[in-house]
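To keep things clear, I will list the structure first and then write my remarks on it.
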Amino acid sequence: MFAIGYGVLDAALRVIHDIRDDKAGLLARYKNFQRNGFPSGVNAGRGKAVMFGIDQILQLLLAFELVETGCGPTRIIRIVRTNWPELRPAFAQSWLVAAGQANNTRGRPQLVMAPSALAEMNTPDRPDLPVRSPFAVSNYGEIGEWLSDPRTQATRVVVDPAAIIRGFRDFLAQADENIAQAFDDGFRDWASDEVGVALGERRASPSI
1 MFAIGYGVLD AALRVIHDIR DDKAGLLARY KNFQRNGFPS GVNAGRGKAV
51 MFGIDQILQL LLAFELVETG CGPTRIIRIV RTNWPELRPA FAQSWLVAAG
101 QANNTRGRPQ LVMAPSALAE MNTPDRPDLP VRSPFAVSNY GEIGEWLSDP
151 RTQATRVVVD PAAIIRGFRD FLAQADENIA QAFDDGFRDW ASDEVGVALG
201 ERRASPSI
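In terms of the UniProt record's numbering, the sequence shown is residues 1 to 208.
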């Protein structure tokens with residue numbers, strides 16, 4: 001099973017988001033997520049280092065994309081948690097694009113969300129509550145048709161899962177090609193075993 005510690009994740013996030021001087025701020029955001037039990041299923045035991053599997057890595061990568069919008073941490077947790085089971089297949093399919101094994105631009109999964117999901121409400125946020133306008137899975141073709149419609153007025157937030165995966169994968173490859181390969185193998189296992197999406201041959205992946 002592929003897993004990484006916080007040090008690798010921290011280094012990846014700082015490269016992906018070009019964070020050079022605010023390492024403490026990045027850690028503070030992560031600690032806020034951690035205090036609220038996000039992401040769930042983190043592999044940690046008493047006296048042991050926290051380890052993140054594929055599912056937790058993807059949730060955190062998506063969460064830190066939403067940090068870029070200026071959204072508060074509790075609202076980010078709510079957005080990602082609301083329909084994460086529906087988003088997992090989109091991430092699984094996007095690996096094929098990120099790994100250079102598919103180039104279906106029109107059908108490439110995209111996550112689309114109404115800005116109302118980002119809004120802070122007058123009542124205090126609770127991380128266990130769903131939001132009313134979570135991400136919906138779309139694709140480039142559908143988004144292009146929507147944008148070309150002259151009646152379209154509404155704003156939308158669009159996140160590209162393949163770009164998220166590629167950014168993380170590229171970071172691993174620059175650090176150690178063997179780790180990037182382990183990530184690919186672990187991603188195949190995760191997609192097949194937990195999401196039901198077959199991405200090719202499965203191979204065992206070590207923890208890092």
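Note that the Cβ used here is the ideal one computed from N, Cα and C, for glycine as well.
Its chain contains Asn139, Tyr140 and Gly141 as the residues whose beta carbon lies nearer than 8 Å to that of Gly107, once the 5 sequence neighbours on both sides are disregarded; these appear in chain order. Boundaries of the alpha helix (DSSP H) around Ser94: Trp84 to Ala98.
Its chain contains Pro39 and Val80 as the residues whose beta carbon lies nearer than 6 Å to that of Gln59, once the 5 sequence neighbours on both sides are disregarded; these appear in chain order.
Here Arg78 is actually not in contact with Pro115; their C-beta atoms are around 15 Å apart, not less than 8 Å. Boundaries of the alpha helix (DSSP H) around Leu13: Tyr6 to Ile16. Under the three-state reduction of DSSP output, Ser138 falls in the strand class.
For Leu58, the enclosing alpha helix (DSSP H) covers residues Ile54 to Val67. Note that the region 159-178 touches the region 94-101; at least 3 beta-carbon pairs, one per stretch, sit closer than 8 Å. The Cβ atoms of Leu111 and Pro73 lie no closer than 8 Å to each other. Val158 sits in a strand when the DSSP states are folded into three classes. Distance from the CA of Ile54 to the CA of Phe187, rounded to the nearest whole angstrom, comes to 7 Å.
Out of Pro127, Glu86 and Val197, the CA that lies nearest to the CA of Phe33 is found in Pro127.
Boundaries of the alpha helix (DSSP H) around Gln181: Glu177 to Trp190. Note that the C-beta distance between Leu118 and Cys71 is below 8 Å. In its chain, beyond the 5 residues on either side, Asp10, Leu13, Arg14 and Ile19 have a beta carbon closer than 7 Å to the beta carbon of Leu26. If you check the CB distance, Val159 and Arg88 do not come in under 8 Å. Gln110 is bridged by DSSP to Ser138.
One thing to note: Leu172 has its Cβ within 8 Å of the Cβ of Phe183. Put simply, of Lys48, Leu61 and Ala49 the residue whose alpha carbon is nearest the alpha carbon of Arg29 is Leu61. When DSSP states are grouped into helix, strand and coil, Ala198 belongs to the coil group.
Taking 8 Å as the cut-off, the Cβ atoms of Val157 and Ala90 do not count as close. Secondary-structure assignment with DSSP links Met1 through no beta bridge to anything.
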